[in-house]
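Right, one structure below, let's go through it.
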Amino acid sequence: NEFGLEKVLLYDTLICGIPRKDFLEKWTTLPTSHAWVATNESGNVVGYIVMRQGVDKEDMLIGPLLSDSIQVAQKLLYITAEATDAQKSAERLRMCVPVCESGNPNAVQMIESDFGVKGGSETVRLYNKKPNYCLNKLFAICSPGFG
2 NEFGLEKVLL YDTLICGIPR KDFLEKWTTL PTSHAWVATN ESGNVVGYIV
52 MRQGVDKEDM LIGPLLSDSI QVAQKLLYIT AEATDAQKSA ERLRMCVPVC
102 ESGNPNAVQM IESDFGVKGG SETVRLYNKK PNYCLNKLFA ICSPGFG
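Sequential numbering of the sequence shown, starting at 2, is according to the working numbering.
Structure representation (structure tokens):
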């Protein structure tokens, strides 16, 4: 895609707390990956989403989904759903939404109310120090438990 990856990398680093250049370059260029970027009037990144095909080829896996607001996250998710025709089949979209004490309640609200999806399986992540995430902008993460 023609959008400058450098702007996305800067945005991702601000939210995730660490530079993830190698990861994002590989993740967004997988043969079945698709990415969308939201920008404001000034051309600054205000959100992005990556989707890739699952192992069973029917599921579409979403993550990361980072956004400055629930409105931008909703728009990115709708665009992604339309691109996969998943609105007709919501069970095809899979996301790993961070749910924790200090997590993003907007992410859960958006998934449950706007898309009618309830939580499925749960994954526990362990850290040896407190992560430096900006959790209120983290709507979906990449998970090793995803196919």
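Even glycine gets a Cβ: it sits at the ideal position worked out from N, Cα and C.
Going by beta-carbon coordinates alone, are residue i and residue j separated by less than 7 angstroms?
| i | j | result |
| --- | --- | --- |
| residue 50 | residue 30 | no |
| residue 134 | residue 18 | yes |
| residue 38 | residue 73 | no |
What residues are listed by DSSP as bridge partners for residue i?
| i | result |
| --- | --- |
| residue 96 | 63 |
| residue 139 | 67 |
Report the rounded CA-to-CA distance for residue i versus residue j, giving the unit in angstroms.
| i | j | result |
| --- | --- | --- |
| residue 41 | residue 47 | 6 angstroms |
| residue 56 | residue 34 | 13 angstroms |
| residue 141 | residue 43 | 25 angstroms |
| residue 106 | residue 137 | 8 angstroms |
| residue 110 | residue 25 | 27 angstroms |
| residue 1 | residue 76 | Outside the displayed span of the chain (2 to 148) sits residue 1, for which this structure offers no information. |
| residue 23 | residue 7 | 12 angstroms |
| residue 52 | residue 58 | 12 angstroms |
| residue 94 | residue 62 | 6 angstroms |
Should residue i go down as buried or exposed, given a rule of 16 or more other Cβ atoms within 10 Å for buried?
| i | result |
| --- | --- |
| residue 13 | buried |
| residue 20 | exposed |
| residue 84 | exposed |
| residue 114 | exposed |
| residue 11 | exposed |
At 4 residues or longer, what runs of the alpha helix (DSSP H) sit wholly inside the segment 19–70?
22–28
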